[in-house]
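Residue numbers (my numbering): 35 to 679.
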């Protein structure tokens with residue numbers, strides 16, 4: 035009976051069965067690899083792990099159901115013509131092979147992407163599409179990342195081998211098969227098409243199709259991520275981007291401005307702006323400003339969140355500095371940090387600020403200090419055209435650019451250019467050799483503490499860790515220590531305020547939105563001006579510009595979302611992480627929501643409490659949500675109306 039049913043299925047339809055089975059096996063392999071590499075040290079209930087793989091199978095199934103719609107139709111047409119349309123069959127076979135290999139490449143690329151960003155691959159990976167060669171360089175210069183590329187090559191070779199065998203078997207069956215009856219073809223086409231529709235929907239429910247919320251099967255974020263297929267996340271995010279790209283002014287925008295102006299203590303409530311005059315006491319001699327933006331320097335690397343302390347030099351620096359231990363980055367990408375730190379604006383969800391906000395310059399750090407006679411520098415270790423860094427900083431009144439081209443080519447060690455200490459040395463040389471003796475602003479973006487995890491070999495310092503990433507952090511910390519030793523010998527040290535802040539952190543922690551990705555240090559150093567202290571109220575990257583202007587002294591027209599955190603406090607701050615928005619308040623509560631699946635959470639983060647208080651404290655959660663959205667809505671309106679290209 036079963037044998038007869040099997041033979042009644044058209045040969046080309048059976049070909050889809052073979053490919054389907056192969057695809058599920060390959061995806062299962064990648065899911066196991068992902069699980070083994072990133073599984074947490076704490077054990078999870080075995081039944082939950084099994085459930086995660088089961089739901090993963092459902093997402094894998096949905097991907098292949100989408101893939102087979104077109105080939106099924108083409109095979110059906112070819113079968114109706116008694117398999118005489120060879121080109122149609124060839125088209126379907128090649129189409130399946132190409133998409134199947136693309137699926138595998140995305141899965142392989144997702145593994146290092148998840149390690150870096152704590153999320154599955156999504157549309158934000160394409161924000162660097164204009165710098166593809168640079169991105170590929172720093173990915174594939176890392177040997178461990180090459181390993182994942184080799185895994186893709188291996189699975190691709192195995193897949194191609196079986197696809198060729200399946201095609202040969204299909205040709206053989208077609209050559210020896212009798213003409214299928216039309217009714218039989220229609221019957222099986224309807225059956226297969228119905229199965230594909232149901233599989234793509236992933237559920238029998240008439241009200242909803244399968245979505246990322248289905249992957250939330252536990253309170254463990256990693257287990258939930260095991261469920262997801264990165265292809266599903268990636269292509270869905272692209273579709274969502276196409277359908278939600280147009281900006282519409284919120285109906286309650288006036289309410290958002292009213293709230294934001296109150297948040298910033300601005301008098302008056304009806305204007306759609308956040309302008310106010312900020313003033314501080316006049317300073318006889320305006321200080322130089324050196325702002326070091328440290329690549330990926332999460333607070334967790336300094337021993338917080340029960341992590342290993344990798345930064346002895348930063349800790350020594352803290353002993354004679356003002357240290358802010360409740361400081362948060364606006365996003366989880368370098369362009370988020372560079373933008374927010376130097377403009378005083380929050381970074382918007384899924385927006386590449388350095389590329390997109392180029393309509394006019396911001397009244398930010400470079401513009402405001404240049405108006406006060408400062409000579410301005412921006413320095414990076416690599417090609418300054420990457421992420422449109424040079425274009426954005428030149429637009430915003432940074433006149434002197436230090437980059438890989440301005441430093442010795444013999445010092446270049448990777449696609450990320452020269453190591454951090456070479457950039458620091460070059461900056462000191464540039465400042466000492468400048469023709470003008472006016473005060474200066476220097477913004478330096480480090481990069482060695484980032485993949486491909488290469489540190490210089492021609493220095494005396496040798497990291498103690500055997501982990502490649504920890505070694506880079508130890509080197510980055512050493513480079514800062516060396517920098518401070520050297521600047522203390524310069525004539526301009528005593529009249530220079532140094533700020534050390536991270537562009538973002540790293541993914542580590544117990545929550546769906548990994549707080550260590552946004553929780554970063556801020557250090558303000560100048561013993562002649564500031565008494566050593568630790569400040570523990572919430573503040574964020576947009577505060578840097580206003581704080582520096584407060585240090586410089588005098589009055590300025592503040593159009594930023596920041597305040598001088600040496601003098602004032604925020605009740606809360608907001609930030610984002612790709613598809614997640616968050617607010618942290620002064621009482622230690624952490625509210626966040628994941629936009630991809632519309633899930634909301636309320637945690638008490640200072641205790642690393644894993645309880646979700648969203649239902650226990652609904653009024654607090656609702657208030658925090660509204661406050662958060664008012665700030666983001668105001669920022670988006672101002673950016674779209676004036677700065678978006």
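Every residue gets a Cβ at the ideal spot worked out from N, C-alpha and C, and that includes glycine.
As the structure is a prediction and not an experimental result, all values here were calculated from the model.
Q) Can you tell me the Cα-Cα spacing of residue 82 and residue 312, whole angstroms? A) 55 Å
Q) Can you pull the DSSP bridge partners for residue 592? A) 310
Q. CB residue 262 to CB residue 280, shorter than 8 Å?
A. no
Q: Give the range of the beta strand (DSSP E) segment to which residue 637 is assigned.
A: 633–638
Q: Assuming residue 317 contacts residue 586 (C-beta within less than 8 Å), just tell me the rounded distance between them.
A: 7 Å
Q: In the DSSP assignment, find the alpha helix (DSSP H) that holds residue 95 and state where it starts and stops.
A: 80–114
Q.
If you measure between the beta carbons of residue 99 and residue 358, is that distance less than 8 Å?
A. no
Q.
Tell me the rounded alpha-carbon separation between residue 684 and residue 386.
A. One cannot answer for residue 684 here, as it falls past the ends of the chain, which runs 35 to 679.
Q. Any contact of the region 522–538 with the region 493–506, i.e. 3+ C-beta pairs under 8 Å?
A. no
(Q) Helix, strand or coil, according to DSSP, for residue 558 in the structure here? (A) strand
Q | For residue 679, the three-state DSSP class (helix, strand or coil) | A | coil
Q: For residue 140, write down the residues that DSSP places opposite it in a beta bridge.
A: Looking at the DSSP assignment, residue 140 forms no beta bridge with any residue, so it has no partner.
Q.
Looking at residue 403: is its Cβ nearer than 8 Å to the Cβ of residue 669?
A. no
Q.
Suppose contacts are defined by Cβ-Cβ distances below 8 Å. Is residue 193 in contact with residue 113 by that definition?
A. no
(Q) Quick check on residue 117: does DSSP put it in helix, strand or coil? (A) coil
Q. Taking the alpha carbon of residue 466 as the point to measure from, which residue in 352, 520, 534 and 350 has its own alpha carbon closest?
A. 520
Q) Taking the alpha-carbon positions, what's the residue 141 to residue 62 distance? A) 11 Å
Q. Roughly how many angstroms separate the alpha carbons of residue 600 and residue 581, rounded to a whole number?
A. 7 Å
Q: Could you round the C-beta distance between residue 90 and residue 224 to whole angstroms and report it? I think they count as a contact, below 8 Å.
A: Contact flag wrong, Cβ pair sits at about 29 Å.
(Q) Buried or exposed, going by whether 16 or more other CB atoms sit within 10 Å of the CB of residue 304? (A) exposed
Q: Could you tell me how far apart the beta carbons of residue 370 and residue 363 are, in whole angstroms, since I believe they sit closer than 8 Å?
A: 7 Å
Q. In its own chain, which residues sit with a C-beta less than 8 Å from the C-beta of residue 463, not counting the 5 before and 5 after it?
A. none
Q) In angstroms, rounded to a whole number, what distance separates the CA positions of residue 415 and residue 453? A) 7 Å
Q) Exposed or buried, what is residue 157 when buried is set at 16 or more other beta-carbons lying within 10 Å of its beta-carbon? A) buried
Q: Return the residue from the list 480, 556 and 401 that minimises the CA-CA distance to residue 428.
A: 401
Q) When burial is assigned at 16 or more other CB atoms within 10 Å of the CB, is residue 181 buried or exposed? A) exposed
Q | Residue from 522, 265 and 476 with nearest C-alpha to residue 561 | A | 522
Q: Run the CB neighbour count on residue 384, radius 10 Å, all protein chains shown included, and call it buried at 16 or more, exposed below.
A: buried
(Q) Taking DSSP's pairing of strands, which residues face residue 611 in a bridge? (A) 614
Q: Inspect the beta-carbon positions of residue 576 and residue 378 and report whether they are closer than 8 Å.
A: yes
**Q.** Own chain, CB closer than 8 Å to residue 645, minus 5 neighbours either side, in chain order
**A.** 637 and 638
(Q) Considering only their Cβ atoms, is the gap separating residue 334 from residue 493 smaller than 8 Å? (A) no
Q | Cut-off 6 Å between Cβ atoms - residues of its own chain near residue 455, not counting five sequence neighbours on either side | A | 513 and 516
(Q) Less than 7 Å between C-beta atoms, sequence neighbours within five positions excluded: which residues of the same chain meet that for residue 208? (A) 45 and 117
Q: Would you kindly check if the distance between the Cβ of residue 667 and the Cβ of residue 390 is under 8 Å?
A: no
Q. Can you name, in chain order, every residue of its own chain whose Cβ lies under 6 Å from the Cβ of residue 570, other than the five neighbours on each side?
A. 359 and 360
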